[in-house]
Every structure is written in structure tokens, then in C-alpha cells.
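Taking the working numbering, the leading residue of the sequence shown gets 89, the next gets one more, and so forth.
Note that the Cβ used here is the ideal one computed from N, Cα and C, for glycine as well.
Inspection log for the structure reproduced underneath, given as C-alpha cells.
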Amino acid sequence: MIDVQDLKKSAWTAIDSRSDWLIDVAKTVLQNPEPGFFEIKTSKYVSRKLEELGISHDSGIALTGLKGYLQAATSGPTVAVIGELDSLRVEGHSYSDPETNAAHACGHHCQLGMMLGVAVGLLATGVLEGLAGRVALMALPAEEFIDVEHRYGLHKSGQIEFMAGKQEFIRLGAFDDVDMAMMSHTSLSSEGKFAIGGTSNGHVVKYIKFLGKAAHAGGAPHNGVNALQAAIVALNALNSQRETLRNEDTIRLHGIMTGGGVSVSSVPAEVKYEGRVRGGTTDAINDANEKMDRCLRAGALTVGGQVEIVTLPGYMPLINNSTMMDIFSNNASQIVGSEHVRRNPDHLNRGGSTDMGDLSQIIPVIHPYTGAATGAGHGIDYLVDDYIQAVVNPAKAMCATIIELLSNDAQKASKAIADFRPNLSVEGYVAIQRSRLNEEVYNGI
Ligand SMILES: [Zn+2]
Ligand SMILES: [Zn+2]
């Protein structure tokens with residue numbers, strides 16, 4: 089009988105011995121940031137690294153995504169390890185691209201090192217021979233739901249349907265042969281070395297155009313219809329809703345102006361806003377989304393203009409699988425000590441959103457955090473400062489979790505899969521997301 093602990097030790101030794109290579113991968117991606125669906129260089133680079141490990145894979149899934157497999161000795165379930173390819177855009181970040189403002193201010197560059205680290209561990213002598221099943225190594229685009237106008241254009245032109253990486257992978261059937269999935273996300277060192285559990289906000293995405301009429305801003309503003317004033321009224325109206333939002337629903341209403349007019353001497357005729365309605369439950373999101381739409385219409389009505397409201401299917405709240413959490417926590421504790429592994433209560437909501445939430449409605453997943461950064465997440469000063477904890481330790485914890493799931497003829501994985509009750513099938517998920525896309529033109533003239 090194969091000793092599971094021996095397999096883990098072999099994997100960990102292999103990962104440790106290539107830690108410089110794995111950290112170099114993360115740092116190289118850090119220095120070449122690309123936002124979602126633009127990850128051309130990043131995808132090619134990760135593809136080359138998979139080739140270096142001898143792992144054949146498909147590329148170009150949802151434009152830039154990658155997927156390869158490691159096959160164990162006998163057949164069994166497929167467990168996916170996911171790394172996210174995309175950066176944010178944060179102007180002035182130390183590692184931002186001066187032309188695009190792209191910057192890895194959410195630590196996704198480390199996830200690619202982790203994913204390859206899991207592969208390195210599984211490729212250690214004798215490990216795959218002791219397991220049953222397969223491990224899918226997946227690099228996914230576009231977790232950060234940004235560049236909404238651009239993505240809506242990709243949608244309109246038929247290059248993608250859903251506008252985030254995991255959403256589109258699910259639609260394309262790229263998770264159809266995956267039974268369970270995991271990834272680890274960096275967080276602040278001050279939050280401890282590992283944290284697992286809790287949930288996230290779901291959301292819908294708003295792409296808004298206020299439409300007015302241009303006129304001479306000095307000579308004849310009374311002949312114009314000011315789209316910027318419409319937007320100002322709408323955003324003030326949105327702020328007036330806050331007392332109606334319940335704390336337990338963790339609603340977040342926020343956005344950015346992406347176009348505010350083109351010339352100061354002309355009354356702004358078109359003003360663009362990209363926004364987000366986040367919340368802990370579908371009902372709460374729908375309620376807040378209706379409020380946002382009322383406010384947007386109020387802006388158009390006030391000035392006698394129009395507003396185009398496009399609501400795009402965003403993310404669903406995250407559900408961490410308890411069996412996988414138990415296994416991950418035990419392995420993380422063996423690596424960093426149990427005092428450095430925190431288990432969050434199921435209801436704890438960090439307020440942000442992830443498309444791992446979408447996947448969690450369909451198959452068992454975990455999305456632990458690894459504390460390895462300083463600064464503010466998504467901020468100008470978010471920097472990973474402990475690359476062992478950001479890349480090597482989570483790779484070891486995930487690799488050991490997979491070994492435990494797939495050893496002994498994959499008994500633990502099979503039981504977790506059998507016990508799992510999905511909220512949605514793939515078909516049900518795709519149908520719901522399609523139904524959430526809504527386009528409205530409100531005429532306040
Ligand atoms: Zn992020
Ligand atoms: Zn992130």
C-alpha cells in the first residue's frame with residue numbers, strides 16, 4: 089500500500105527544489121501585466137512553462153485560456169488547479185505598464201507560479217503512479233470584471249459570449265470534464281498565512297450611456313441637453329438609496345465615469361458610466377439593481393435626455409466545499425503550523441467578488457487565501473513581499489490536497505463528489521446568466 093505521506097513528501101521536495109523557478113515565473117508575469125482577454129504574452133509565457141514541464145495543453149480557450157492534464161496511474165475523478173492570467177489597471181503602481189496602466193495589484197501573477205508548482209509536485213517520481221484520476225492545469229483569463237465597454241464589444245462581435253474567464257470556460261464546456269477545482273489567492277500578510285472559508289459577493293455589471301444633445305456651452309446652453317448633469321443626478325440619487333440597504337446584504341454600489349463629454353465648449357451629449365451592483369444574495373442584488381436603474385432613469389428624466397442601461401451577468405456568491413477545506417487546512421497546517429491557518433465562518437463575506445463563485449454553484453471548489461502581500465488590494469501599493477508564502481507554500485498545500493483526494497483509488501475525491509449537491513447544472517447556469525443580460529433605453533424626453 090502506498091503511503092500518502094510519502095507521496096506528499098516527494099511532491100514537497102520537488103516543489104522546494106524548483107522554488108526559484110516558480111518564483112521567477114510569478115515575477116516575470118508581474119513585470120508583464122495584461123488585463124483580462126488581453127493576456128496574449130502571459131498566455132504564451134505560461135504555455136512555454138507548461139511545455140518545459142512536458143505538459144501538452146490546449147490554448148486559446150476563451151481567447152487566451154490554457155488547459156492541460158496530468159494523468160495518474162489509473163482512471164478516476166478530475167481535479168482542476170486554476171491560475172488566473174489577468175491583471176488590473178492601476179495607474180501609478182510600481183509594476184504598472186506605463187502605456188496601459190495594467191498592474192498585478194491583486195496578486196494573480198502568483199497563481200500561475202502556484203499552478204505550475206502543483207504540476208512540479210505531481211511530476212515528482214512515483215507521485216502520479218500512486219494516484220487515480222487526472223489533474224487539469226488551467227490558466228484562465230479575465231477574473232477582474234473590468235474594461236466593460238471593450239468586453240461588451242467582444243460580446244457583440246461574437247468573440248466571447250460571457251465577459252469573464254470562468255463564466256466563458258463554463259459556457260464553452262471547458263469544465264464539463266472537471267469534477268472539482270481549487271485555486272489560492274494572495275491576500276495581506278497581516279491576515280495570516282492561510283485563510284479558508286467564507287463567501288463572496290455576487291454582482292451584476294452595468295454599462296451605462298446618458299444621451300443628451302450638444303450645443304454651444306457658452307452661447308446657447310439652453311438649446312442643449314446635458315448628459316453629464318443627467319449622470320450627476322443619477323449618482324446623487326444612487327447615494328440617496330444607501331439608508332435602504334441592509335448591512336447583512338453587503339451591498340456595494342460603485343462605478344467609474346469612462347466618458348464625460350468631448351469638448352468643454354460643447355454641452356456634453358454622451359456620458360458613459362461603468363458600474364457594479366454587488367450583494368450577498370441574488371435577491372439582494374436584484375433589489376439593489378432595480379434601485380440603481382430607477383436612479384439612472386431619474387437622471388435622464390431630470391434633463392429630458394435618454395439613458396441606455398445595459399445589465400451584464402456578473403458573478404455568483406462563493407461556496408467553499410467543506411471536505412476540500414478540511415483537507416486543505418490540514419495540509420496547510422503541516423506546512424506553516426496550524427496556528428497560521430484560519431478557518432472563516434461560512435457567512436463571512438469579504439465584500440469582493442470572484443467568478444470562482446460561479447463555478448462553486450456547479451462543482452465542489454475551494455478558494456483559500458494566502459497572506460503574502462502588503463498595501464491595499466487593488467491599490468497603488470499592493471505588493472507581494474513574501475514569495476515563498478505567495479507561491480511555494482500554496483502550491484505545496486494544493487498539491488498535497490490533490491494527493492490526498494486522489495490517493496487510495498481517489499476515495500476522498502469520490503466521496504466529496506458524491507456528497508456534493510450542485511445549485512446549478514452547466515445548462516442551468518448558462519440559461520440563468522443569459523437571462524440576466526438586459527438592454528434598456530429609457531426615454532426621459
Ligand atoms: Zn482582484
Ligand atoms: Zn484577484
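Endpoints, beta strand (DSSP E) assigned at residue i
i: Thr346; result: Arg340 to Gly347
i: Val223; result: Ala220 to Leu228
i: Ala168; result: Thr162 to Glu172
i: Asn526; result: Asn526 to Asn531
i: Val292; result: Gly290 to Leu299
i: Gly156; result: Gly153 to Gln159
Integer Cβ distance of residue i from residue j, believed to fall under 8 Å
i: Ile415; j: Leu493; result: 7 Å
i: Val208; j: Arg106; result: 5 Å
i: Ala220; j: Gly164; result: 3 Å
i: Ser184; j: Pro121; result: 7 Å
i: Ala504; j: Met412; result: 6 Å
i: Ile533; j: Gly393; result: 7 Å
i: Ser245; j: Ala305; result: Contact flag wrong, Cβ pair sits at about 35 Å.
i: Ser448; j: Ile407; result: 4 Å
i: Val290; j: Gly367; result: The question names Val, but residue 290 is Gly in the sequence shown. Contact holds; Cβ gap of about 6 Å.
i: Ile128; j: Ala262; result: Contact flag wrong, Cβ pair sits at about 19 Å.
i: Asn521; j: Phe250; result: The question names Asn, but residue 521 is Gln in the sequence shown. Correct: roughly 6 Å between the Cβ atoms.
i: Thr458; j: Pro482; result: 4 Å
i: Ile171; j: Ala227; result: In the sequence as presented, Ile is not what sits at residue 171; that position holds Gly. The Cβ separation is near 5 Å, so the contact holds.
Segment limits, alpha helix (DSSP H) that includes residue i
i: Glu140; result: Ile128 to Glu140
i: Glu279; result: Unbroken run through Glu279: none, as it is neither H nor E.
i: Phe257; result: Gly253 to Leu260
i: Ile149; result: Counting along the chain, Ile149 falls outside any alpha helix (DSSP H), though it belongs to the beta strand (DSSP E) covering His145 to Ile149.
i: Met270; result: Taken as a continuous stretch (DSSP letters only), Met270 belongs to no alpha helix (DSSP H), being part of the beta strand (DSSP E) at Met268 to Met270.
i: Gln93; result: Val92 to Ser105
i: His197; result: His196 to Leu210
i: Val215; result: Here Val215 belongs to no alpha helix (DSSP H), and DSSP marks it neither H nor E.
i: Ile320; result: Ala315 to Asn327
i: Glu237; result: Val236 to Lys244
Nearest residue (CA-CA) to residue i, options the options
i: Asp235; options: Ala190, Ala269, His197 and Val313; result: Ala190
i: Lys254; options: Gln247, Phe233, Gly246 and Pro309; result: Phe233
i: Glu139; options: Leu225, Ile397 and Asp104; result: Leu225
i: Ser550; options: Leu151, Val424 and His455; result: The structure shown does not extend to residue 550, since the chain spans only 89 to 533, so no value can be given for it.
i: Val391; options: Asn526, Glu331, Glu427 and Pro309; result: Pro309
i: Ile103; options: Ala501, Ala386, Val514 and Val479; result: Val479
i: Ala315; options: Asn531, Asp94, Lys96 and Lys97; result: Asn531
i: Lys96; options: Ile490, Glu515 and Ala501; result: Ile490
i: Gln422; options: Ala193, Ile248 and Met486; result: Met486
i: Leu200; options: Val453, Tyr157 and Asp112; result: Asp112
i: Ala252; options: Val206, His238 and Asp264; result: His238
i: Val453; options: Val169, Glu127 and Leu158; result: Val169
i: Gly300; options: Gln247, Gly349 and Asn377; result: Gly349
i: Gln329; options: Cys383, Pro356, Met345 and Ala318; result: Cys383
i: Leu260; options: Glu527, Leu525 and Glu515; result: Glu515
i: Asp371; options: Asp337, Glu358 and Asp469; result: Asp337
i: Glu231; options: Glu217, Phe125, Val266 and Trp109; result: Phe125
i: Lys115; options: Tyr133, Pro405, Ala160 and Thr166; result: Tyr133
i: Leu276; options: Ser502, Lys484, Arg438 and Ala99; result: Arg438
Complete beta strand (DSSP E) runs within the stretch 446-492 (minimum length 3 residues, chain order): 457-462
Stretch-stretch touch, CB-based, cutoff 8 Å, three pairs: the stretch 284-292 with the stretch 462-471: no
Please list the segments of the alpha helix (DSSP H) lying wholly inside the stretch 368-444, counting only runs of 4 or more residues, in order along the chain. 370-391 and 410-424
Specify whether the stretch 392-410 and the stretch 340-347 touch according to this definition: at least 3 beta carbon pairs, one from each stretch, less than 8 Å apart. no
Count Cβ pairs between the stretch 248-262 and the stretch 146-161 that sit closer than 8 Å; are there 3 or more? yes
Would you be able to state if there are at least three C-beta pairs under 8 Å between the stretch 467-475 and the stretch 322-330? no
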